[in-house]
Every structure is written in C-alpha cells, then in structure tokens.
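> Take a look at this one; I'll ask things after.
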Amino acid sequence: PNPGVKVRWGDTKMPIGVKANDPKTPYYVYEFSFNNKVFYVGHTYHPVRSGGRWGWVKNVLRLKKSGNIPPAKLRDLKTPSNRVIAALIEAGLPEHVVTKCRPCLGKQQSMVEEEKQIRKRLSEGCVLSNVEHNSKTVTVAEVLQYLGVAVADKKRS
440 PNPGVKVRWG DTKMPIGVKA NDPKTPYYVY EFSFNNKVFY VGHTYHPVRS GGRWGWVKNV
500 LRLKKSGNIP PAKLRDLKTP SNRVIAALIE AGLPEHVVTK CRPCLGKQQS MVEEEKQIRK
560 RLSEGCVLSN VEHNSKTVTV AEVLQYLGVA VADKKRS
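All residue numbers for the sequence shown refer to our numbering, where the first residue is 440 and numbers rise by one.
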C-alpha cells in the first residue's frame, strides 16, 4: 500500500454510467483489511464504494432485521466480501481499514491493476473474499478464521 497516493475526484455532471466508462476517469485500487490482514481487493472511481462499505452493510443489516429490505440489497448482502463485513459488524468489532493502493486512469487499467494486486496478495498468503481473479475459492468462515475472528456458531460458509 502507498499511503501517499492522492486521488482527485472530478466533479463532473456526467451520468454515472458515462463517468464509469470514460477512459479518463480517475480510478484507484483499494483493499479492505482487518487485524492488519487484507481480505478484499477492489477497484472504483467513487469513494463511497470503498470507504462507505461498512456503513452500507450496517444499514442493509438493519433493513434486513426490520423486514424492510429490498430484494436487490438482499442480493448484494450475499456477496462474500459483504458477508465478511456483516460478520464483523454482527460480532461488534471495529470497522475494517480501507487502503488506497494505487491510482489508475480508466476502468480498464484499474481492472488490470486490481487483478495484479489480488495475485500479489494471494502469493503473500492472504485469504481473500474476492470471487473474480481469485484462484482460491474460500468460504466466509475461512476468511473470518484467517482474520482471527471468532463468530457465534451460525452458518457462514
């Protein structure tokens, strides 16, 4: 991780799909870690996608508990990385750390850089909740064990 990386967020008035696919849009590769162990690598152009994930998952869990969860949000909650975050929240643990690894120019470059970072982290022994580019299919329980998180005996895999 390079803590000195600064990412500029352009305030364009383009529709999100146009901005996301514009090759000049600044993107970055980021990581989620807990207990100083990386458990997810992603790429985005928007800070809420990375930095706001904890709060988003917490809100979706609240909606699920109240019985007022839209089906699309329930589907999103089922992704492995969001299930790991949900388990951390449900265990009452502190928020994971988000690290911006490297800036990229455009979605295509960020996808290539994300894949490189995933391969690097896997070679270092990280247990990642990533589905794409991850040669090691793991369960949520295995990720939590790697993070050193003991959870109640709920089905998490």
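From the three backbone atoms N, C-alpha and C, an ideal C-beta is built for every residue, glycine too.
1) Give the secondary structure of Val446 by DSSP, where H, G and I count as helix, E and B as strand, and everything else as coil.
2) Taking 8 Å as the threshold, find out whether the segment 534-551 comes into contact with the segment 465-483 through three or more Cβ pairs.
3) Going along the chain, which unbroken runs of the alpha helix (DSSP H) with 4 or more residues stay wholly within the segment 532-564?
4) Which residue wins for smallest C-alpha separation from Asp461, given the options Val499, Lys503, Gly545, Pro519?
5) Assign Asn474 to one of two classes, buried (16 or more other C-beta atoms within 10 Å of its C-beta) or exposed (fewer than that).
6) According to DSSP, is Val606 helix, strand or coil?
7) Does the count of Cβ pairs from the segment 497-506 and the segment 553-573 closer than 8 Å reach three?
8) Where DSSP assigns a beta bridge to Val480, which residues make up the other side?
9) Could you check what DSSP says for Pro465 in three-state terms: helix, strand or coil?
10) Applying the 10 Å Cβ sphere with the 16-neighbour rule, what's the burial state of Leu586?
11) Using the three-state DSSP reduction, which class does Leu567 fall into: helix, strand or coil?
Result, derived from the coordinates:
1) Low confidence applies here, because Val446 scores a pLDDT of 38, under 50, leaving its location unreliable and the question unanswered by this model.
2) yes
3) 546-562
4) Gly545
5) exposed
6) In the structure as shown, the chain begins at 440 and stops at 596. Residue 606 is therefore absent and cannot be evaluated.
7) no
8) Note: Val480 sits in a beta bridge opposite Glu470.
9) Correct three-state label for Pro465: strand.
10) buried
11) coil
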